[in-house]
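As you go down the protein sequences, you meet chains A, B, C and D in turn. Heads up: the first sequence begins at 65 in my numbering, then just goes up one per residue. Heads up: the second sequence begins at 65 in my numbering, then just goes up one per residue. Heads up: the third sequence begins at 65 in my numbering, then just goes up one per residue. Heads up: the fourth sequence begins at 65 in my numbering, then just goes up one per residue. From the three backbone atoms N, C-alpha and C, an ideal C-beta is built for every residue, glycine too. Being a predicted model, the structure only gives us computed values, none of them experimental. Let me begin by presenting the structure, written as structure tokens, before commenting on it.
Protein chains: 4
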Amino acid sequence: MRKKEGNKERDILDASVSVFSCEGYSNAKMHTIAENAGIASGTIYLYFTNKEEILLKIFESVWENIFRLLDTIDSEENDPICKFHRMIDSVFELFDSKPALATVFVNEQHHIMKRANKLLLSNYQKTLCICENVLTLGIQKHIFKKEIDPLIFSSFFFGGIRYTLQQWALDQKKYNIYKMRETVKSLVLSGILDAKVQ
Amino acid sequence: MRKKEGNKERDILDASVSVFSCEGYSNAKMHTIAENAGIASGTIYLYFTNKEEILLKIFESVWENIFRLLDTIDSEENDPICKFHRMIDSVFELFDSKPALATVFVNEQHHIMKRANKLLLSNYQKTLCICENVLTLGIQKHIFKKEIDPLIFSSFFFGGIRYTLQQWALDQKKYNIYKMRETVKSLVLSGILDAKVQ
Amino acid sequence: MRKKEGNKERDILDASVSVFSCEGYSNAKMHTIAENAGIASGTIYLYFTNKEEILLKIFESVWENIFRLLDTIDSEENDPICKFHRMIDSVFELFDSKPALATVFVNEQHHIMKRANKLLLSNYQKTLCICENVLTLGIQKHIFKKEIDPLIFSSFFFGGIRYTLQQWALDQKKYNIYKMRETVKSLVLSGILDAKVQ
Amino acid sequence: MRKKEGNKERDILDASVSVFSCEGYSNAKMHTIAENAGIASGTIYLYFTNKEEILLKIFESVWENIFRLLDTIDSEENDPICKFHRMIDSVFELFDSKPALATVFVNEQHHIMKRANKLLLSNYQKTLCICENVLTLGIQKHIFKKEIDPLIFSSFFFGGIRYTLQQWALDQKKYNIYKMRETVKSLVLSGILDAKVQ
DNA sequence: AATGAATGAGTTTTCATTCAT
DNA sequence: GATGAATGAAAACTCATTCAT
């Protein structure tokens with residue numbers, strides 16, 4: 065018997081992140097991934113049922129990591145401001161050593177959410193929840209401005225204006241574009257306005 | 065490729081935006097676009113050399129519009145705060161009636177920038193420039209905090225954390241992830257902190 | 065526009081019968097069928113959704129023909145013996161000019177019945193019914209032996225004809241289809257005729 | 065390829081008959097056969113050079129058995145009618161306890177004959193010969209009709225039995241193999257018996 | 001002898017693009 | 001200019017067979 069050498073599943077995932085990052089998911093060829101992983105193309109199918117499952121596994125893992133990081137911080141920390149500091153730090157640190165993963169995470173997010181499975185969706189939604197809860201808590205404690213809508217803030221937080229626009233385009237009834245616009249302006253302006261002016 | 069009565073080209077672009085928005089650029093079929101445009105699939109090739117050129121034309125047009133809007137505001141308005149208000153308003157208004165265009169703009173931006181032509185690149189860069197200049201002006205006038213790096217702010221402004229991460233992933237030498245992180249935190253926090261706490 | 069020349073659907077079906085006959089359905093390559101039909105392989109998919117649908121269409125057509133032939137005879141003829149003569153004649157005539165079709169009909173019948181659609185199943189079962197009814201009628205009229213089980217007879221009868229046809233299709237010089245037809249009729253009729261009638 | 069303790073080869077053949085019967089030869093996977101045989105897929109290749117050789121061995125064995133059975137009967141029995149009775153009985157008995165083998169025998173016969181080896185062909189042809197000889201003998205003895213062509217009769221006879229067996233193998237509850245056997249014998253004998261004898 | 005992970009040739013199918021009408 | 005039938009290159013995926021252990 066030919067023993068499993070190393071961790072081929074890991075190799076394939078790493079190669080896929082690298083290839084998806086360069087070519088984009090849709091343009092990525094299974095053959096290129098195999099080549100990058102140093103295996104034959106058929107071998108990929110011993111570990112993943114198809115190309116999409118590879119992307120799914122990548123996102124499952126990323127969102128699970130993000131959720132765990134934020135969840136830990138959420139329970140360890142009491143002060144909303146400290147929570148924010150540590151949460152943003154940890155997300156940046158997560159991608160710090162993996163720029164290719166960051167690219168895939170950003171560019172293919174919209175693709176994978178159309179076919180996300182339960183595990184992925186669950187971690188994704190739980191993560192957004194944590195963020196909203198931190199904001200709500202800050203508002204209750206009169207630390208954060210009460211006029212900030214937690215939902216809109218989350219959108220802003222997880223993708224800025226681009227992501228906000230995307231969400232609105234997908235479901236125009238759920239979001240009020242005027243309110244979004246004013247919120248964005250308020251957030252950005254108070255973010256950049258000099259204290260002396262305020 | 066020859067220019068015709070002028071509305072078939074428009075029909076194809078509109079149909080493409082609609083189809084790219086639903087299916088994504090890579091999954092979109094030329095046949096579906098033709099169907100949506102009410103023409104035969106071969107006719108598309110009288111107006112565009114290939115599928116990619118359609119996407120290119122869409123982005124060319126969007127970035128040209130954005131640039132013109134912001135450029136006009138930039139020359140009409142003196143106060144940096146007013147510039148900001150009107151600029152954000154106009155970008156939101158641009159997409160207000162075209163959610164499908166917003167989706168395409170957000171999801172396919174990374175795809176098209178790899179093969180952008182001069183015109184597109186020029187308008188894209190000129191637009192970023194205007195934003196940076198507004199910020200710089202505000203800082204010079206002591207209206208904006210001086211510690212905000214205009215480059216980083218532009219990234220944040222045009223895509224929030226996701227886009228920020230993406231930029232960094234694409235070129236890690238150009239951006240300092242620690243500085244980005246701190247800037248993001250500062251922006252977000254001052255955006256949401258209650259005046260009383262500050 | 066490139067006009068449809070000739071009948072490509074017909075060409076594909078004919079080419080498929082020929083290729084399925086030589087190679088067997090499972091070994092037949094779509095490329096070979098296309099080559100035989102004088103078209104590009106992609107063109108097949110403009111007329112059929114996949115390989116299996118081609119086989120299905122072949123069998124649909126054959127069983128529809130057989131049913132129509134036997135049904136017409138069944139309603140035109142009163143005497144069970146005459147029904148038999150004419151029915152066997154017409155089935156042999158159906159395949160007389162199409163040995164390849166006979167081969168496919170015999171060899172792939174079991175394959176297609178696993179995935180038969182309503183139309184095919186309906187014609188298949190109605191055909192079997194006609195045969196059983198002829199037998200039952202003959203028994204009621206005391207022309208056929210009453211101890212013959214119509215179900216078993218039908219199996220044996222169809223199996224015999226099918227295999228006989230196959231042998232002829234494999235080597236048309238070795239067998240004389242007219243003589244085969246008469247021998248089959250003679251064998252079957254003396255097998256079922258009541259002693260009193262003989 | 066080396067012969068081992070003698071029951072792995074048997075296990076593989078049995079598993080293959082079972083799998084070929086359910087899936088058909090072309091759709092059958094070597095892995096499924098190995099699983100059914102309780103061994104690893106690579107082990108199959110210690111006993112058979114490839115997939116086709118398994119099918120070949122199955123048919124070699126079946127036709128050898130049929131030949132031996134009929135040959136023994138042929139030499140033990142003098143009366144053509146008795147020969148027929150015993151021959152049909154023995155063929156039905158051969159498959160009685162092995163419906164899966166019957167299915168494979170019927171469905172894959174045409175596949176294997178294209179690549180039959182000498183041993184298989186020899187037993188196949190010797191078996192047909194015995195049948196033809198019984199018929200010829202009966203004709204010479206004025207027991208069977210002289211106008212029956214032995215070649216056509218054999219085709220019809222074998223085809224009828226094969227299909228009957230197949231129907232039974234597909235649904236053993238619907239058909240009674242004993243009754244089938246007797247019906248087949250009755251049909252065939254009255255088909256060939258000379259009127260003077262009857 | 002036995003294993004089962006790995007291979008990669010081979011096939012179906014898709015779809016952007018072409019071109020005869 | 002317009003059409004849409006036809007093309008065929010390209011890619012995902014399968015699975016019989018091999019071979020290191």
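Selection from the options that minimises the alpha carbon distance to residue i
{"i": "Thr17/D", "options": "Arg226/C, Ser219/C, Ala104/C", "result": "The requested residue 17/D does not occur in the structure, where chain D is confined to residues 65 to 262."}
{"i": "Lys190/D", "options": "Ser90/D, Trp127/D, Tyr242/D", "result": "Trp127/D"}
{"i": "Leu184/A", "options": "Leu119/A, Ser254/A, Lys72/A", "result": "Leu119/A"}
{"i": "Phe208/B", "options": "His174/B, Lys178/B, Ser254/B", "result": "Ser254/B"}
{"i": "Ile122/D", "options": "Ile152/D, Ile145/D, Phe84/D, Ser186/D", "result": "Phe84/D"}
{"i": "Val198/B", "options": "Ile176/B, Asn71/B, Ile152/B", "result": "Ile152/B"}
{"i": "Leu160/C", "options": "Phe221/C, Gly70/C, Tyr239/C", "result": "The sequence shown places Asp at residue 160/C, rather than the Leu named in the question. With distances taken between Cα atoms, Asp160/C lies closest to Tyr239/C."}
{"i": "Glu116/C", "options": "Ser80/C, Lys243/C, Ile145/C", "result": "Ser80/C"}
{"i": "Asn100/A", "options": "Ser186/A, Thr113/A, Glu73/A", "result": "Glu73/A"}
{"i": "His206/A", "options": "Lys178/A, Asp143/A, Gly88/A, Arg132/A", "result": "Asp143/A"}
{"i": "Pro214/D", "options": "Tyr109/D, Cys195/D, Gly102/D", "result": "Cys195/D"}
{"i": "Gly88/A", "options": "Gln173/B, Leu201/B, Tyr188/B", "result": "Gln173/B"}
{"i": "Thr107/B", "options": "Asn71/B, Ser139/B, Ala92/B, Ile137/B", "result": "Asn71/B"}
{"i": "Phe131/C", "options": "Asn187/C, Asn181/C, His149/C", "result": "Asn187/C"}
{"i": "Cys146/A", "options": "Lys68/A, Cys86/A, Glu69/A, Gly202/A", "result": "Gly202/A"}
{"i": "Gly102/A", "options": "Ala92/A, Ile137/A, Asp75/A", "result": "Asp75/A"}
{"i": "Lys210/D", "options": "Phe112/C, Leu134/C, Leu251/C", "result": "Leu251/C"}
{"i": "Lys178/D", "options": "Asn91/C, Gln204/C, Phe148/C", "result": "Asn91/C"}
{"i": "Cys86/A", "options": "Phe148/A, Gln204/A, Asn171/A", "result": "Asn171/A"}
Cutoff 8 angstroms: residue i Cβ touching any chain C Cβ
{"i": "Asn171/D", "result": "yes"}
{"i": "Val168/D", "result": "no"}
{"i": "Asp160/D", "result": "no"}
{"i": "Leu251/D", "result": "yes"}
{"i": "Asp143/D", "result": "no"}
Cross-chain neighbours of residue i in chain D, by beta carbon under 8 angstroms
{"i": "Gly202/C", "result": "Correct list: empty, because the minimum Cβ distance to chain D is about 14 angstroms."}
Cβ of residue i within 8 angstroms of any chain B Cβ
{"i": "His174/A", "result": "yes"}
{"i": "Ser90/A", "result": "yes"}
{"i": "Ser254/A", "result": "yes"}
{"i": "Leu234/A", "result": "At Leu234/A the pLDDT is 49, less than 50, meaning the model places this residue with poor confidence and gives no usable figure here."}
is_contact[residue i, chain D] using C-beta, thresh 8 angstroms
{"i": "Asn123/C", "result": "The residue you asked about is not Asn; residue 123/C is Phe in the sequence shown. Cβ-Cβ to chain D under 8 angstroms: no for Phe123/C."}
{"i": "Met151/C", "result": "no"}
{"i": "Ile207/C", "result": "no"}
Extent of the continuous alpha helix (DSSP H) to which residue i belongs
{"i": "His149/A", "result": "144–160"}
{"i": "Gly102/B", "result": "Careful: Gly102/B lies outside any alpha helix (DSSP H) and carries neither H nor E."}
{"i": "Arg179/A", "result": "First-last for Arg179/A: undefined, no H or E at that position."}
{"i": "Phe269/B", "result": "No answer is possible for residue 269/B: the residues shown for chain B start at 65 and end at 262."}
{"i": "Asn91/B", "result": "No alpha helix (DSSP H) holds Asn91/B; DSSP gives it neither H nor E."}
{"i": "Gln230/C", "result": "214–234"}
Amino acids of chain C, ordered along the chain, whose beta-carbon sits closer than 8 angstroms to that of residue i
{"i": "Thr228/D", "result": "Ile216, Ser219, Phe220, Gly223"}
{"i": "Ile212/D", "result": "Thr247, Ser250, Leu251"}
Under 7 angstroms from the C-beta of residue i: neighbouring residues of chain C
{"i": "Met244/D", "result": "Ile216"}
{"i": "Gln231/D", "result": "Ser219"}
{"i": "Val248/D", "result": "Phe220"}
9 angstroms Cβ cut-off: residues of chain C touching residue i
{"i": "Ile241/D", "result": "Under the 9 angstroms cutoff, chain C gives no residues; its nearest Cβ is about 10 angstroms from Ile241/D."}
Cβ of residue i within 8 angstroms of any chain A Cβ
{"i": "Val81/B", "result": "no"}
- prompt: Are the region 228–244 of chain D and the region 162–179 of chain D touching by the rule of at least three beta carbon pairs closer than 8 angstroms?
  reply: yes
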